[in-house]
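Peer 1:
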Amino acid sequence: MGIVTPLGDPVFHFWLTRSVARSVGVNLSDAMNAGQLDPQGYVEMVTRCRQCRFVSQCEQWLAVTGAGADRVPEMCVNEDKLNALIAPKRATEREQENHGYF
């Protein structure tokens with residue numbers, strides 16, 4: 001029999017995942033609308049967050065960092081996925097700036 005990992009509260013971790021994404025300027029709803037994240041991938045991110053053992057460190061990081069972080073911290077179980085979503089968002093912003101939208 002394998003090791004059972006308890007899962008955290010789904011609502012709390014839904015918002016925690018969104019908060020970490022927002023801290024690096026990523027809107028997960030926009031990422032889904034742009035085809036950069038599918039619903040299953042979103043569910044998997046929240047589930048990984050629910051299994052994470054660094055929740056208190058994550059909350060502290062959010063409290064200290066707030067908005068404007070360059071990257072998601074290494075301790076985050078969704079680090080790779082969230083950091084990968086930063087690049088397309090920033091490329092879109094640069095394109096809009098070059099076309100005078102900002």
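Going by the UniProt record's numbering, the first residue of the sequence shown is number 1, and it counts up by one from there.
Glycine residues also receive a C-beta, built at the ideal position from the N, C-alpha and C atoms.
#1: Below 7 Å CB to CB, which residues in the same chain sit around T17 once its five sequence neighbours on both sides are set aside?
#2: How big is the Cα-Cα spacing for G35 and L85?
#3: For D9 and C58, what's the separation of their Cα atoms in angstroms?
#4: Just list the alpha helix (DSSP H) runs in the UniProt domain "DUF6455" (12-85), keeping only unbroken ones of 4 residues or longer that don't cross its boundaries, in chain order.
#5: How close, in whole Å, do the beta carbons of L82 and V20 come, if the pair is a contact with beta carbons under 8 Å?
#6: Alpha carbon to alpha carbon, how far is I3 from L28? Give it in angstroms, no decimals.
Peer 2: On the basis of the coordinates in this document:
#1: In its chain, beyond the 5 residues on either side, M45, V46, C49, N78 have a beta carbon closer than 7 Å to the beta carbon of T17.
#2: Spanning the alpha carbons of G35 and L85 requires a straight line of approximately 11 Å.
#3: Going from the Cα of D9 to the Cα of C58 covers about 15 Å.
#4: With a minimum length of 4 residues, the unbroken runs of alpha helix (DSSP H) contained wholly in the UniProt domain "DUF6455" (12-85) fall at 28-33, 39-51, 55-65.
#5: Yes, they are in contact, since the Cβ atoms of L82 and V20 sit about 6 Å apart, within 8 Å.
#6: Taking the straight line joining both Cα atoms gives about 31 Å.
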